[in-house]
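Following the working numbering, the numbering of the sequence shown begins with 398 at its first residue and continues without gaps.
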Amino acid sequence: MLDLVPLWAGILALAVFMYVLLDGFDLGVGMLFLMRDSDHDRHLMMTSIAPVWDFNETWLVLGAGGLLAVFPLAFAIIVPAVYFPVVLMLLGLMFRGVAFEYREVVGSRKPIWDRAFCYGSLVATFFQGVVLGMFIHGFKVNGREFVGTSWDWVSPFPLITGLGLIAGYLLQGSTWLVMKTEGELQQWARTMARRSIVGVAVFVLVISIGTPLTDARIAQRWFSFPDSIAFAPVPVLSLLLFWWLWSGLEKGKEVQPFACSIGVFFLAFSGLVISLWPLIAPPSISLRAAAAAPFSQQFLLLGTLFLLPVLLLYVVWSYWVFRGKVRHDAGY
C-alpha cells in the first residue's frame, strides 16, 4: 500500500508556509497602520491588502483541518497546550476582519476601527508566534496523552518567539508597502523595513543558537557529519538574503526587498522542518505515530488533490490581477 504520510506532511507544511507567507504581510501592514497619522496613507495601506487579505486565511483553515483529519493524535496533544493562544489569535483576526468592513462605512468611528485593525493584527501575530514557540519547545506527553496544562505557553521561549514573529511580519508588511506604494509612504516603509531586519536577524540568531543548545537531537542533526555539509546552504543562503534585502532597500529597489523577505521566511521554515523532522508533536510524537488509518488518508486525499490546485491557481490569478501600485481612488 502506498505510504501517504510523507505526502500529507508535505501538504500540511505547504499550507502552514503559505499562510505565514501570505497572511504575514497583511498582518504586518496592520501592525504598521497606526504609525501613520495621515488618513490618506492609512487608506492606501488598507487598500493595498484589501483584495487578498481574507483569502490568505484559507491556508490556515486547510492546515488546521488537515491536522485534525490526518494526524488526530497530534491534534489532540497540540490543541490543549495552545488553547488560549489560539483563541486569542482568532479574536485578533476577528477584530481585524470586522475593522475592514466597518472602517469605510459612512458615519463609522474610524479611530475605533483603526485601533481594532492594528491591535487585532498585533495580537494575532504575537499569539501565532507563541504557538510556533510551543511547537519548537515541545509538549509534555506521557505515552500518547498530553499531560501538561493550557498554561504551558506562559514561559520565556514561546513569549520570545511571539516577539520574534512580530518583527518578521513587520518586515513582510513594510517590504510589501515598498513594493505597492510610492512617495513619502514608500520611503517611510523602507525605513521601517531596515529596522525590522535587525529584529528578525537577532531573533533568527537566538533561535539558531538556542535550540541546538537545549536539544541534543537537533544539535546532532545540524552539526554531525555529513548532515552538517548537507544543511550548510540554509544558514549561508540566509546570510546572503539578509544582505540582498538590505542592499535592495538602500539602492531603491521595489520588488527585491519583498522577494528577499519571502526567501528569509522560506529558509527559516526549512530550518524548522530540518530540526524537527519527522516529529509532528515534539519531542516524542512522530508523523507515523500520529497518522490516521491509511483508508482515511486516501479518502481525504481525493478532495485535497482537487482543492489544492484550485487554491494555488487562485493565489497566482488574484495577485496577478491586483499587481502594480495601489491608488488612492481604488475601492474595496
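Built from N, CA and C at the ideal position, the CB exists for glycine as well.
For Ala466, there is no enclosing beta strand (DSSP E); the residue is found in the alpha helix (DSSP H) stretching over Thr455 to Val467.
Per the Cβ contact rule, the stretch 475-489 is in contact with the stretch 520-537 (3 or more Cβ pairs under 8 Å).
The beta-carbon distance between Ser547 and Gly427, rounded to whole angstroms, is 27 Å. This is too long to meet the 8 Å contact definition. The beta carbons of Pro680 and Gly526 sit about 20 Å from each other, so the pair does not count as a contact at 8 Å.
When the Cα atoms are used, Met589 and Val449 turn out to be separated by approximately 22 Å.
When C-beta atoms of the stretch 629-641 are compared with those of the stretch 549-560, fewer than three pairs fall below 8 Å, so the two segments do not count as touching. The alpha carbon of Glu651 has as its nearest neighbour, out of Ala564, Thr578 and Gly489, the alpha carbon of Thr578.
For Leu399, the three-state secondary structure derived from DSSP is coil.
The alpha-carbon of Phe620 is positioned some 23 Å away from that of Phe639. Listed in chain order, the non-local C-beta contacts of Leu490 below 8 Å within the same chain comprise Glu454, Gly517 and Ala521, local neighbours out to five positions each way being set aside.
Scanning its chain for C-beta atoms nearer than 8 Å, with the 5 sequence neighbours on each side dropped, one finds around Phe514 the residues Gly427, Phe430, Met443, Phe492, Arg493, Ala496, Phe497 and Arg500, in chain order. DSSP, reduced to helix, strand and coil, places Ala564 within a helical segment of the structure shown. Per DSSP, the beta-bridge partners of Ser683 are Leu676.
Nearest Cα to Ile594 within the set Leu709, Gly407, Pro654 and Leu684: Pro654.
Taking 8 Å as the cut-off, the beta carbon of Leu441 is found closer than this to the beta carbon of Leu582. Judged by DSSP in its simplified three-state form, Phe536 adopts coil rather than helix or strand. For Phe666, the CB contacts under 6 Å within the same chain, skipping 5 residues up- and downstream, are Phe414 in chain order. Our two residues, Ser672 and Ala412, have alpha carbons roughly 19 Å apart in a direct line. With a contact defined as Cβ atoms closer than 8 Å, Ala616 and Pro609 qualify at about 4 Å.
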